[in-house]
Each structure stands twice: as structure tokens, then as C-alpha cells.
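K.L.:
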Amino acid sequence: MKIVVLDGYTLNPGDMSWEAFKEIGDLTVYDRTDYTGKEEEKTIERARDAEAILTNKTIITSKVIEKLPKLKYIGVLATGYNVVDLEFAKKKGIVVTNIPQYSTSSVVQMSMALILEICGHVGQHNASVKKGDWQNCADFSYLKYPIIELSGKTIGLVGYGSIGKAMQKAAEALGMKVFVYTPHPDKKYENESMKFVSLDTLFKEADVISLHCPLKDDNKEMINKASIKKMKNGVIIINTARGGLINERDLYEALKENKVYAAALDVVSFEPIKEDNPLLKAENCIITPHIAWATSEARQRLMNIAVNNLKQFVDGCPINVVNK
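Now the structure itself:
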């Protein structure tokens, strides 16, 4: 079996091994292949004789699939699989798999780190000390920025999959009340500190809003001028899900006016971030380069699941199939 990895660098920048795939077939790994959809011919050229291709962000359109007559399997190296034309792949009898729930702990850790950085200003106080502010201070302690206590505050979680559930536990450990919005609430999960609410109630009453839902047509830019207007003055917004959930211009204006106290984003609408993204100019907005998923441990789990997905397919028992 010929196996082609189209964009392997983000998963494995050199600190892991592809050897397990080599035990399955003849492996070729490309660090990067165009993910804008503008260079489909290069994708086709690289995958021409492949029976199995692995992709993270390289788009596999119907045109690409049509030009790959030997293709039998597409392994998406992520949980989201919107980079593949699933229906066309199904029509051609091609199995498409994904990597479920490999990054839950990693994403929750980053989400909480972002919240804690906003509320504790750890990095800014460290920079202040290194600059000499403490050495030159008349007191044993000083506050360069206000510190916010999370205990007793309300966090609103949009989405209640594995990440949302783990975020609930993390927030409760800090003494927070938890509001959850999900299209399909199950009351058995409610307790003294957590309850399901409408999205409107969540926007109006949460002190911190954290997004943990997939991007769909009905929630695109759900954080916008109208929804922000409903929120508390001084709300904190966290996004480690999908950049398209936020209207970035509207968020920038709300940050500038201090309607939103601060935001922390691990994702933006177009990645890598464009130079003209207004949020780059917002001092009260933390931006990280889509790394919440990428602890060493999570990437190794991803690699292991990807190998097992392909092995199971070869053995005739495919798992984690997303185009049944």
C-alpha cells in the first residue's frame, strides 16, 4: 500500500516517528502541501498513486479525489473533517476517518491557562519585575494590573462535548458557577454549580464566555455586535474552538471600548493570521498560534490513533469513519 502524508509538519515537526506507518506500507511524508485549495494540481501530483492519504489541513476536494483512481482511504489528522468532500468520497467508495477526543486535556489546559493569564496578569507582572519595577518599588508588593478572583464568578461554556465537560470540572475546581449552552442538554449532568441555559441567558449572565463547539452554518460569527451588546460590561471571551465563531471586527471594537475586558484566542478566522486582522492591534487581546491541541502527549495520541485507524482499515474493520 502506498501511503502519502500531505502536511505532516504540524503533527510531527521532528520530535516523533513515522515508523509505525512504514510497517503498514510504502510511506511518503510531505511537510506541507497547499491548504488554500488554490494548488490542487500539486496535491494531485503528490498523491497520484496513493491508496491512502493523510491530511490535516490540505483540502481534498471532489476534483482531487476524481484524479486519484487508486485512492481507497483518507485519514484526517484532526477531529474536524471539513477539509474533505465527504459525500463525493463516499460516492467513490473511499473511507474517511478522523481522530476523536485526542486533545481534550490539552485544549482544556490551554483554555484555563488563558483565563488565568487574563485574571492574574502573570506574564505582565513578570515583565514588569524583569524591567526593574519591583527593585525600584517602595513597597514589598505592588499591582501593575488588577487581579481578578474567579471563585464565585460564572463561566459560560458554549458546547458540551468532551472538552466542554472537562472545562466544567476545571471551572468548578476554582469555585466557579457554570452555565452551559448546548442544542441538546441532558439534565442528568446538572448539579449545584452547573446548569444548562439558553444562549441568550449565557450571554447576559456569564462573567467569562468560553467557546467549545464546532463551526456550523447556524453559529458562524455567533460572537458579534448584537450578542456582545447583551453581555456584561467587562466580560472575558475565550476561543480555543474555531475562529469563524467570532466576528473579529466587532470583537475588536468591543475590546477597544472596554465592553469586553479581555479576550484570548487560540484560533482566528484565517490562519496563519493576516497582517490586517484588527485584533493584532488590541492590547487586551491575547492571541496564540492555534496550539491548544498540540502538547507532545496529545500529538502522540493523535499519531497512535491515526496509525490504528489505518491498520483497522487494512484489516477490513474500519473505525472512526465519518462518511458512512
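All residue numbers in the sequence shown are consecutive under my numbering, ending with 659. Ideal Cβ placement from N, Cα and C applies to all residues, glycine included. Predicted model, so just to flag it, every value in this text is computed and none were measured.
1) Name the residue from 456, 497 and 471 whose alpha carbon lies nearest to the alpha carbon of residue 619.
2) Starting from residue 457 and walking both ways along the alpha helix (DSSP H), at which residues does that stretch end?
3) Please name the residue, chosen from 393, 572 and 364, that lies closest to residue 606 on a Cα-to-Cα basis.
4) For the beta strand (DSSP E) holding residue 366, just list the boundary residues, first then last.
5) Under 8 angstroms by Cβ, that's how I've got residue 502 and residue 601 pegged, so tell me the actual separation to the nearest angstrom.
6) If we ignore side chains and look at the alpha-carbon of each, how far apart do residue 316 and residue 468 end up?
7) Assuming residue 658 and residue 431 form a contact by the criterion Cβ under 8 angstroms, report the distance between their Cβ atoms to the nearest whole angstrom.
8) For residue 599, list the residues DSSP reports as bridge partners.
9) With C-beta atoms as the reference, is residue 637 less than 9 angstroms away from residue 352?
10) So what does DSSP say about residue 499, is it helix, strand or coil?
11) Which runs of the beta strand (DSSP E) fall wholly inside the stretch 493 to 560 and span at least 3 residues, in chain order?
12) Within 10 angstroms of the Cβ of residue 547, are there 16 or more other Cβ atoms? Answer buried if so, exposed if not.
13) Thinking residue 395 and residue 379 are a contact (beta carbons under 8 angstroms), I'd like their distance in whole angstroms, please.
14) Alpha carbon to alpha carbon, what distance is there between residue 374 and residue 453?
15) Does DSSP put residue 360 in a helix, in a strand, or in coil?
16) Closest by CA to residue 479, which one among 459, 486, 487 and 466?
17) Just verifying my parser: in three-state terms, what is the DSSP assignment at residue 408?
18) Between the C-alpha atoms of residue 552 and residue 592, what's the straight-line distance to the nearest angstrom?
19) Answer with buried or exposed for residue 475, where buried requires no fewer than 16 other C-beta atoms within 10 angstroms of its C-beta.
20) Who are residue 483's beta bridge partners in DSSP?
21) Using 10 angstroms around the beta-carbon of residue 587, count the other beta-carbons present and answer buried if the total reaches 16, otherwise exposed.
22) To the nearest angstrom, how far is it from the Cα of residue 464 to the Cα of residue 481?
23) Return the first residue and the last residue of the beta strand (DSSP E) that residue 338 is part of.
24) Taking the C-alpha atoms as reference points, what is the distance between residue 520 and residue 531?
25) Among 584, 568, 536 and 554, which has the Cα closest to the Cα of residue 576?
26) Which one of 337, 537, 635 and 599 has the shortest CA to CA distance from residue 625?
27) Might you give, ordered along the chain, the residues of its own chain that have their beta carbon closer than 7 angstroms to the beta carbon of residue 421, omitting 5 neighbours on each side?
P.N.:
In brief:
1) 456
2) 457 to 466
3) 393
4) From DSSP, residue 366 is part of no beta strand (DSSP E); its letter is neither H nor E.
5) At roughly 14 angstroms, the Cβ-Cβ gap does not stay under 8 angstroms, so residue 502 and residue 601 are not in contact.
6) Outside the shown range of the chain, which is 336 to 659, sits residue 316, and nothing can be said about it.
7) 4 angstroms
8) 573 and 621
9) no
10) helix
11) 512 to 516, 529 to 531 and 543 to 546
12) buried
13) About 10 angstroms; that fails the 8 angstroms criterion.
14) 40 angstroms
15) coil
16) 459
17) strand
18) 29 angstroms
19) exposed
20) BP columns for residue 483 are empty, so no partner.
21) buried
22) 16 angstroms
23) 337 to 340
24) 6 angstroms
25) 554
26) 599
27) 431, 657 and 658
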